[in-house]
Every structure is written in C-alpha cells, then in structure tokens.
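K.L.:
Protein chains in written order, with this note's numbering: chain V, 1 to 298; chain W, 1001 to 1315; chain L, 2001 to 2409.
Please read through the structure below; I'll follow up with questions.
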Amino acid sequence: MSLSVASSTTAAATKVSAQRKVRPKLALKRVLLYVSLWVAFVWSVFPFYWMIATSLRAKADIFRRPPSIVPQGITLQNYVDLLVSAHFWRFAMNSLILTLSVTLISVFISVTAGYAMARHRFKGSVMLPLFMLYGQMFPPVLLLIPFYVQLRYLGWLDSLYGLIPVYLSYMLPLCVWLMRGFFSQVPHSLEDAARMDGCTRWQAFWKVILPMAQPGIVAVATWVMIHSWNEFLYASTFILSEKNRTLPLGLSKLIGQYTTDWGVLMAGGVVTAAPIVLVFFFLQKHLVAGVGGGAVKG
Amino acid sequence: MTIARAPRPLRLRPTWSSVFETGLGARVYPYLMVFPAVLLVLGVVVYPVLSGISWSFYDVTLRKLNSGSFTFVGFKNFERVFADPVFVRASINTLVWVILNVVAQLGLGLALALLLHRPVRGIGFFRSGILVPWVVPSVVAVLTWRWMYDPSVGIVNEMLVRLGIIDSYRPWLGDTATSLYAVTVESIWKGTPFVMLLLLAALQLVPRSILEAASMDGASGWRKLWYVILPQIRVSFAIAAVLTFILTVNNFNAIWLMTEGGPLNSSEILFTLAYKYGFQRFDLGLASAVATMLFVGLVIATTLYLKLMQAREAD
Amino acid sequence: MKMRRMRGLIAATLLAGLSAPALADNIVMWVNGPLASSPDAPIYAELKAFEAATGHTVEVQAVPHMEMERNLFVALSSGAGPDVMALDIAWVAGLADAGLLADITAQTAPIAAEYQPGPLASGRYDQKQYALPLYTNNVALFVNDRMLAEAGIKKAPSNWAEFRDAAVAMTNKDKQTYGVSFGGNRMGAFQLYSFIWQNGGEIVDEAGKVRVGEPAAEEAVDFLAKLYTQSRAMPDSVLTAGNWDEVHAPFIQERAGMVVTGDWALAAFTKGNPNLKFSVHPLPAGVKSATVIGGYDLAIKAGSKVEKPAFELLRWLTGSRSIALMQKYERLSATAAATSPEAIAALPKQLQPFMAQASSGRARPVVAQWTQIHSDVFANVWDAVIRGKPAKDAMAEANTAITGLLEKK
C-alpha cells in the first residue's frame, strides 16, 4: 500500500500545476471517482462478504427470513466443525505444492516461449501462438477420458505430479499467449540499447526485458496460481485417495448427497479462498511496484 | 531505473550466452526458447484434443468404450445433434451468453482499469477488493450466488425489494425468462476482474510522457481514451477479448451449478449440452460432435478477430 | 454375545465356502462420501472387522455423490476403476447394461430372501443380479404440527383429498404461508413418482411397456401441479429448487406446512430450526399406497481380479451386520430382518415411519436409460407442467420420448 501511495504523491505533484485552474470541477471529479470506486468495491466484495457472513451464522440463522445483512449472532462453530472433520491441513499442503509447481513451470516456459514468439522470427513464429491458443478451445470436460487414459498409461493416476501436466495443458497455452502479448508491448528500443551496450541476447532478455515485463509475469503467475488453486474438475476425476486431495476436493465433499451444511461449506470456501486472497494482496503491491517506479518513462 | 545505470559487460567479453550470438547458435536460439512449450503442448493438448475430435465420428457410448471397439459412423453424430431441438435453443443461448459476457466484461474491465490506474490515495485497497471475485473458488462463488438468488431467503431479492425495484421476491433462476441473465450476472462478476487486471497491467506500460503530451494538447477525456490510450493497450485489449471469449464459451461451473441449463433448457449452452450428452447419456460421440462444432466455431471466430486486429495494425 | 457368535459363523462359512485358502487380497472400494466423511466414520471400524475376520485388506476411497457417476464412468470406461463400488440404485442399470458390473446372480440366489424385495430389485437388471443393497430409504410426508393445528385440521392427511385440503387450508397469502413445499426439475420428478404409483399408474411396466401417457399417471402429475398452478399452495421455490436444501427451506422457515422428503431431512430440520415441531407420516395414499425407494447398492466390477473376496465384502456390508452399521449413520438397512417389529422398535423414533412403510416401497424402473429418462424427460415434464403446460400433453410427449429412448438401444 505504501508504494502505491508514494507513486500517487509523485504523480499528483506533476499534475498540480495543470490542475490549479479547474479546482471546483476537479473536486466534483474526485467525488465521482471515489463514489465509483466504492460502488465497484461493494459490488465485487459483497458476495465474498456474504460467504463470510453465512459461515459465521448459527445454523438456525441461515434459513431466517427475511435474510439479515449482518448476522444476528456470530459463531465460529462452522469453522470448528470444518477443521475437525476433514484433513484440511493436508489438503492445503497438497494444493500448495501443486500450485507452486504448476506456477513455476508455466511461468518459466511461457516467459521463454512468449519472448521468442514476440521478438524472433523463425519458422512457425506466426502460426505457433495461434495454434497453441486453439488447444485451449476444446471443452475441457471432454478431455477427461483421453487424459485418464494417458495418466493411467504413465501410472500417474491418483498422484499430485500426475495433475501437473494436466493443469499445464489447461494453463500453458493462455500463459504463452499472454506473455507474448506483454513482451510485444515492451518497446524494442530498450533491448536495442542494451545490445548496443554489449549485452548478449540472453543478457538483454534477462536483465532488461524481463524486469520490464514484470507486471505481465505477475499477471500470468497470479492467473495460474488462482486457477490451479481452485481447479476442481480434473482433480476430482484423477485424485482418489484422501491423502492426495486438494482443497476444492475437500470442499466438494462438504456438499452432501441430500443436504448440505451451508454454514460449513461457506466456512470451507473462506478457508480455501483466504490464502490466495492474502497472496494476492501481497502480489498486488508488486504489480504496482513493478511499474510504479516509472521504468518505462523513457 | 536502476537498469540504466547498471554496469554492463563490455561488448567483447564472452559469456556462456555468447554462443547464441552468431551462426548456428543464433538460429537455434528462438527454437530453444519455444521448445519446452511446444513439447508440452504436443503431449498434453494436441493428443487429447485430436482424440476428442475423432470421437465425434465414431459411435462412442458406455457399452462401446467397455468393449473397446468403436464403429465409424461418419457424420451421423452431427445429424443426431441437429435433429435435437434443444441444440438450436442451446446455440442461440450460447450466442446471447457470449455476447453479453464479452461485451460487459470488456467494457466494465476497461472502465475499472482506467479507474484503478489513477494514483489516488487508497487505490491499493480498491484494487485488491475489486479483484476478490476472481480469487474466490468458482464452485463456492457459484453456490454463494445461487444462495443469494434464492426465492425465499435470497439477499438479492431482499435488497431489490428494499430498494423498491421489485415488490415481491422472484425466482430469478427459476423463471425461463430470467435464468440465463441471472447466471450471466454471476459470470460477469467473476470474469471482469481478470480483464481489469490485464488492462491495468497494460496501462502501466503506457509511457507516462505520451499521456502527459496528450493532456498538454488539451485532449478531452474521451478523445484521449480513444486516440491515445486505447491504441497503446491495443494488444492487451485483443488478448483480453480473445481470452474472455474462450473462457466464457467454456464456462461450465456457473451454468451447471446454478441451473443445470434449466428450467426447460432456458439457460442451456452448447457446453452444458455436450456435458449432458457425454456424462448423463454417456454418449461421447454425440458430446464430441457438439464439442467439435463449438471448437471449430471458436477457432474461426478467434482467427477472424485476430486477423482483423493485425490488418488494423498494419494500416 | 449371541450376535457376535453368529457373525463369526457367517464369516467362517463365507471363508470356507468362497475362498478356501484365505489368500490375502487387496480390495479397492469406492464409497459415497457421506459414509466415509471423517476418519472415525463407522464404516472404517466395520472394514477393520472384515479385514480381521478374512485376512483381506480393503482400500477405501470416498467419492462425493455428485461426482461418483461421472468418475465411475471415466474410470471404468478406461478399464480402471474399483473392485467394489457403491452405486446410487438409479445407476445400476446403466452400468450393468454396458457390461461393467460383475454378474452375481449365482451367488445371490440362495440368499435373496435375506433382503427386502424392493431394494434387492434395484440391483437386478435384465433378470440378472448385479448389486446388493447397502442401505435403503424412501420418502414420507413431513407435517408441521403447529401449522396444521392452526389451519383447523386435526390429523395428518392420509389420502389425496385430505392432502389437498390440508395444503389449501395452510395456504395464506397475507402471511405468505403455503401448504406444501415441492422441488423443481429432477427433485420434483423424483417426488412425483410415488404419486404416479399411488394412483395406480406405471412408468415402465414389467413387460417394458412405457405407460406414462395413461390417465393414471397423467392425473397424478395434474393433481400435484394444480396445487401450484391453481391453489397456489406451493411456494415459488418449486420453480427452482434443484436440491433438497431448497426443497426443505420453506418447511424449515415454517412457510410451508408439509414437505415430501426422506430420512435425510431429519438432521437438516433439527439443525436448521431446532424449534420446529413436526411429525412424519406415510405418504397420503391414492388408489393404493406407494413410495419411491432410494439408497445405495454395492456392486463388483466386471473382470475384477479379486471377485471372490469382493463378494465376501459385499455380503459383509449388506448382510445382517448392516442393521447395526446403518443405525450408526441413522440410515436404514435393506435386510429383511430390519423390517421385523422388534428391529423397527429399536430404531430412533423418527426413523420408524420410514421402515414401517418400506413394504410399499417401489424401485424406479431398472432400465439402462433411466438417468436420461429421469433428468431429460421427467424433469422437463414437471418444469413444463408447473409453468402451465397441460399435464395431458406433457405426459403424452414424455411417453413418446421415453418409448423412443428405450427403442434406440
């Protein structure tokens, strides 16, 4: 947060002279800006709030009518029930390992491939990205059986590492594509300058281009992270044993055959979402920091 | 910033990466960089997709899968799909679903990105908050919305009644007239933040000097947006459009967990139809036929769009 | 003591009869999530006992109900899958038809009398037995005692006319109360079947003839739908309720005086509204009484390498021990012994009505296309009729559609 504030003050300073003449209009604009920010904020956060509120309600309060926006009494019973009944720590560890592996691999691969596609001309440099993208367009549900056959052949069923290639298939094409887009927006001049100064291609890429593409990398990494953390369909089909379950699988177990304990389910949702929300808050700062310095200014 | 002042290796000092500067190394370099990606895509994307497509020409049902011998049936699966009246309904719904989602997500995403790009006090707080929908596990998000739409205890009904927009609770997901739109609202809510993030990241890359120059010229807000900002983030916008398009067509959780395509197929899209064919009827031939059509449609639409973008870029 | 010895005896005979040299085999079993919801779930202790008695080992994998059918399909069709699987009784036919389940007709013939006929029939397809019932359930009428009394009605409805009158009497537009909460789509369709049978109607009869277009079936649909379309005695949730929670919600909130549901509702009601005063009654009878049977069966994968031990496991879990085991889950055993007056009396009070009406329970038609008939045809019929389509037309169309599905094969 501090960084964003810092950048806001510098930016404000540069604008000050131009803004002096139009003060009343500006004040109105500012009010409007904050009003719209709050509207967007409430719209985005409300369902999440509702999740949290439901998870804190006593069971009898959940069906109360009319629904009250603020729970009438707060209880942590749902969280206690949740954490006692299932191996949530185990699930969280599995999710963490899986998410980190998939994120690292896909960021590495998509950065190199995306850069090569954006900057170099080679056979297939035009068609390849498009071709990759096409792979993303087949409805994933129908890939269940081919994947199952492949994983079974490799003996990777019911294992976390078996899920890694499956997730990559689902993430990688978009990541490559995204990275290519980001690299193509980094001005050529920077790289040329670095090369003039005697950098090898690799050094120019590593020391100049990569830091520039940081917001893109962060965006891609977050995308992969969030989707691997929350992925459900493949995990639920390929993971069988309790010890290999991921958090979303733990969640789906809470949805009963007949009835569902909504309070506990929502508590599970909050517990599942909490780590990624926290990670995200951290990354969000970096997203700002990566560009806040104005590296692109020249 | 630091980059500009960092000491650099001298022009002639050789490092391991000098190999790629000339000759064979230079030619191999780009291939080497794309190689892992291509390898993975071949293994985990091309094969499954091809087998999925090929199934649409075979009679693949539960019985046949077990015996392991499929019979080639040509276009028969497609004929059967076309004969199903639900298919027409689902196609129209898919179109509505995609257009609404893509337009709204891109529009709102752009608006939010412009809003959040401003370096004002507390912007980090708003940015983080607005990204929350994207972070919430989709299964939980969908179930929460379903709960919020509930015709008897739904908070959506309660709030709309209190705001005086409706006078009594309504079954938003149960009315054939509103079910598709009710799900669309959830999907827009969930999808917009990512578009926003993409565009925000791109906005951050726009050199500040360009924006300042435009301001100096006294360009009005809209003109600045249209003539200065949008062209600068054009590539990201195109990417966001394509991604939103693909993700919307393949957004299964939202519809499946809220309405299962109902009531009376009023919110059926091609994807849910394919799922029903495949995993309720256990007729994968039929499901693959729908999936293949969807796939071809997506490929054509995306290619056309990208070609258009390229053509404009060339101008 | 006596019980224990008997169990030991059964185990011993099983051992002697089925796998003379007790080879230690590993059996992979998929059970539906709720039965193995936590590490101390009763099924684990039961399996320990089985392992101790037979020397085999059992590897349990809990699969949530929602994903079970799809996961079984994916796994079995790729040639993998568990040796023993728990199946919703509605899935048996589809899997048996595809040749994915082992035929256990020969082994089960001598012991058929030990099971309740309805649940046992749910595991029979094409005159062959493929599965044994793990537990059973059926639906009954839940009545809010206070609302019924306030509507001036003395006793819970026992026939259709009383049912309608009670529903109408408890409906009050100003107070926004309704007579009966009902499900939409597949939920509603499931609730519908009992009423069709009560009216003397059939869905698919023994001979395989589709009979949903006949007046008896059509009247039942019409009767229920009019409670919503004409009497407004059902809350609007009937249009959307796609899971039991949404069917139950109006009853829990005391906005609906009655609901048609099964034993799974008991815990949900107590949790959702501890002050709710309700009683459980057999479904109101039409021409005769009938209730739809649900529950889970156990089946063995065709070609399983451990078929014999797998059958021992089936017997173990579905046999006489299941009465005690299922009671721990507050569910109903499907053994014939469980319906004896003493066994019923030993059940928790609220479960007794369900077991008592088990004899009028009927399994849904065991045809391979059932899942599709249920979720494509009947769900749509119900959705259409409550939105104003004449029941006669809807059922006539359904008749054609189901006939078409059954012929296609």
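Backbone N, C-alpha and C define an ideal beta-carbon position, used for all residues, glycine too.
Tell me which residues share the same chain as V:Leu151 and place their Cβ nearer than 7 angstroms to its Cβ, disregarding the 5 neighbours each side in the sequence.
P.N.:
For V:Leu151, where only same-chain residues beyond five positions count, the Cβ hits under 7 angstroms are Leu157, Gly162 and Phe238.
K.L.:
Can you give, in chain order, each stretch of the alpha helix (DSSP H) that sits fully within the segment 83-143 of chain V and has at least 4 residues?
P.N.:
88-119 and 127-135, all fully within the segment 83-143 of chain V.
K.L.:
What residues of chain L sit near W:Leu1116, judged by a beta carbon separation below 7 angstroms?
P.N.:
Per Cβ cutoff of 7 angstroms: no residues; W:Leu1116 is ~36 angstroms from chain L at best.
K.L.:
At the level of alpha carbons, what is the spacing between W:Ala1141 and L:Val2381?
P.N.:
Taking the straight line from one Cα to the other gives about 30 angstroms.
K.L.:
For W:Tyr1047, tell me which candidate among V:His120, V:Arg121 and V:Leu142 has the shortest Cα-Cα distance.
P.N.:
Ranking the options by Cα distance to W:Tyr1047, first place goes to V:Leu142.
K.L.:
Taking 8 angstroms as the CB-CB cut-off, is V:Ser55 touching chain L?
P.N.:
So, not an interface residue.
K.L.:
Thinking C-beta only, is L:Leu2101 closer than 8 angstroms to L:Ala2401?
P.N.:
Going by C-beta atoms, L:Ala2401 is not nearer than 8 angstroms to L:Leu2101.
K.L.:
Any contact between the segment 1029-1040 of chain W and the segment 94-104 of chain V? By contact I mean 3 or more CB pairs, one from each, below 8 angstroms.
P.N.:
With a cut-off of 8 angstroms, the segment 94-104 of chain V and the segment 1029-1040 of chain W do not count as touching, because too few Cβ pairs lie within range.
K.L.:
Quick one: using the 10 Å Cβ neighbour count with 16 as the cut-off for buried, is W:Val1290 buried or exposed?
P.N.:
So W:Val1290 counts as buried.
K.L.:
Could I get the ranges of all uninterrupted beta strand (DSSP E) runs contained in the segment 2117-2172 of chain L, with 3 residues as the minimum, in chain order?
P.N.:
Listed in chain order, they are 2131-2144.
K.L.:
According to DSSP, is L:Lys2301 part of a helix, a strand, or is it coil?
P.N.:
The answer is strand: DSSP assigns L:Lys2301 an E or B state.
K.L.:
Spell out whether any CB of chain L is found under 8 angstroms from the CB atom of W:Ser1051.
P.N.:
No, W:Ser1051 does not count as interfacial toward chain L.
K.L.:
Could you have a look at V:Asp261 and say whether DSSP puts it in helix, strand or coil?
P.N.:
It is coil, neither helix nor strand.
K.L.:
Can you list, in chain order, the residues of its chain with a C-beta nearer than 7 angstroms to that of V:Arg180? Leave out the 5 residues immediately preceding and following it.
P.N.:
Excluding positions up to five away in sequence, the list reads Gly114, Met117, Ala118 and Pro129.
K.L.:
Less than 8 angstroms between the beta carbons of V:Phe63 and L:Ile2252, yes or no?
P.N.:
Taking 8 angstroms as the Cβ cut-off, V:Phe63 and L:Ile2252 qualify as a contacting pair.
K.L.:
Under 8 angstroms by Cβ, that's how I've got L:Asp2263 and L:Phe2378 pegged, so tell me the actual separation to the nearest angstrom.
P.N.:
Actually they do not touch by this definition, with Cβ atoms about 23 angstroms apart.
K.L.:
To be precise: take each residue of the segment 2065-2081 of chain L, compare its Cβ to all Cβ atoms of chain C, and keep it if any distance is under 9 angstroms. Which residues remain?
P.N.:
Although the question refers to chain C, the structure presented lacks it and instead comprises the protein chains V, W and L.
K.L.:
Who are the neighbours of V:Gln77 on chain L, taking C-beta pairs under 8 angstroms?
P.N.:
Within 8 angstroms Cβ-Cβ: nothing; V:Gln77 doesn't reach chain L, min ~11 angstroms.
K.L.:
Between the Cα of V:Pro71 and those of V:Tyr79, V:Leu56 and V:Lys25, spot the shortest distance and give me the residue it belongs to.
P.N.:
Residue V:Leu56 is the option with its Cα nearest to V:Pro71.
K.L.:
Which residues, taken in chain order from the segment 2357-2375 of chain L, show a beta carbon closer than 8 angstroms to some beta carbon of chain V?
P.N.:
Listed in sequence order: no entries.
K.L.:
Looking only at C-alpha atoms, which of W:Leu1114, W:Pro1137, W:Met1148 and W:Asp1167 sits nearest to W:Val1206?
P.N.:
The residue with the shortest Cα to Cα distance from W:Val1206 is W:Leu1114.
K.L.:
Which residue wins for smallest C-alpha separation from V:Gly155, given the options L:Glu2059, L:Ala2080 and L:Lys2305?
P.N.:
Out of L:Glu2059, L:Ala2080 and L:Lys2305, L:Ala2080 has the C-alpha closest to the C-alpha of V:Gly155.
K.L.:
What does DSSP give as the partner residues of L:Thr2189 in its beta bridges?
P.N.:
The question names Thr, but residue 2189 of chain L in the sequence shown is Ala. DSSP output for L:Ala2189 lists no bridge partner at all.
K.L.:
Under the DSSP definition of a beta bridge, which residues are partnered with L:His2281?
P.N.:
Paired residue(s): L:Leu2141.
K.L.:
In three-state DSSP terms, what is L:Ala2346?
P.N.:
Coil, per DSSP.
K.L.:
With a Cβ-Cβ cutoff of 8 angstroms, do V:Met251 and V:Gly269 count as a contact?
P.N.:
Checking the sequence, you will find Leu at residue 251 of chain V rather than Met. In contact: V:Leu251 and V:Gly269 (Cβ atoms closer than 8 angstroms).
K.L.:
Write down the C-beta distance between L:Ala2093 and L:Ala2368 rounded to the nearest angstrom, noting that I regard them as a contact closer than 8 angstroms.
P.N.:
Indeed, because the Cβ distance is near 5 angstroms, the residues count as touching under 8 angstroms.
K.L.:
Between V:Gly216 and chain W, is there a C-beta pair that is closer than 8 angstroms?
P.N.:
It does; some Cβ of chain W falls within 8 angstroms.
K.L.:
On the DSSP bridge assignment, give the partners of L:Gly2295 in chain order.
P.N.:
BP columns for L:Gly2295 point to L:Thr2136.
K.L.:
Do L:Asn2199 and L:Gly2319 count as a contact pair if the criterion is CB distance below 8 angstroms?
P.N.:
No, the Cβ-Cβ distance between L:Gly2319 and L:Asn2199 is not below 8 angstroms.
K.L.:
Please list, in chain order, all residues of the same chain as L:Gly2272 whose beta carbon is under 6 angstroms from its beta carbon, the five residues on each side excluded.
P.N.:
So the qualifying residues of the chain are Ile2252.
K.L.:
Please tell me whether L:Gly2188 has its Cβ less than 8 angstroms away from any Cβ of chain W.
P.N.:
No, its Cβ sits nowhere closer than 8 angstroms to a Cβ of chain W.
K.L.:
In whole angstroms, what separates the C-alpha of V:Val39 from that of L:Ala2041?
P.N.:
Each residue's alpha carbon lies about 47 angstroms from the other.
K.L.:
How big is the Cα-Cα spacing for V:Val176 and W:Ile1165?
P.N.:
The straight-line gap from Cα to Cα measures roughly 45 angstroms.
K.L.:
Run down chain L in chain order and give the residues with a C-beta less than 8 angstroms from the C-beta of V:Thr272.
P.N.:
In chain order: nothing, as chain L lies at least about 15 angstroms away.
K.L.:
Note down, in chain order, every chain W residue with its Cβ under 8 angstroms from the Cβ of V:Tyr115.
P.N.:
Here the neighbours are Met1033.
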